[in-house]
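Reading through the structure tokens given below for one structure.
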Amino acid sequence: MRPELRIVYEELVGVRGPELTTRRPEELGIEGGEVTFARLHATVAQLGHVLVGMFGPGSGDRWQATLNPPRGWPRQRAGAQRR
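Next up, the structure:
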């Protein structure tokens with residue numbers, strides 16, 4: 262970890278920091294196909310939240326979390342095949 266970012270991580274994941282949650286796009290009213298980081302960002306901002314990352318295709322049949330991906334980065338729809 263970069264020392265200059267320590268305070269940021271402590272605020273995000275520390276005991277007294279804000280709550281981090283994961284949500285499926287469907288829970289935010291987003292339906293259909295691929296969803297970009299920009300679209301998710303705009304949606305959660307309207308709800309008063311901050312988007313710090315998203316899940317996307319990883320290796321094999323697993324999802325991988327990515328913090329602050331490029332705004333056009335696609336997220337495939339979650340399916341039963343991914344865990």
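Under our numbering, the residue at position 69 of the sequence shown is numbered 330, and the numbers go up by one with no gaps.
We put the CB at the ideal spot given by N, CA and C, even for glycine.
What are the partner residues of residue i, as DSSP defines its beta bridges?
| i | result |
| --- | --- |
| Gly314 | Leu328 |
Report yes if the CB atom of residue i is closer than 7 angstroms to the CB atom of residue j, and no otherwise.
| i | j | result |
| --- | --- | --- |
| Gly319 | Thr327 | no |
| Trp334 | Phe298 | yes |
Assuming residue i contacts residue j (C-beta within less than 8 angstroms), just tell me the rounded distance between them.
| i | j | result |
| --- | --- | --- |
| Gly314 | Pro330 | 7 angstroms |
| Leu301 | Pro286 | 7 angstroms |
Decide if the region 272-281 is in contact with the region 294-310; the criterion is three or more beta carbon pairs, one per stretch, under 8 angstroms apart.
no
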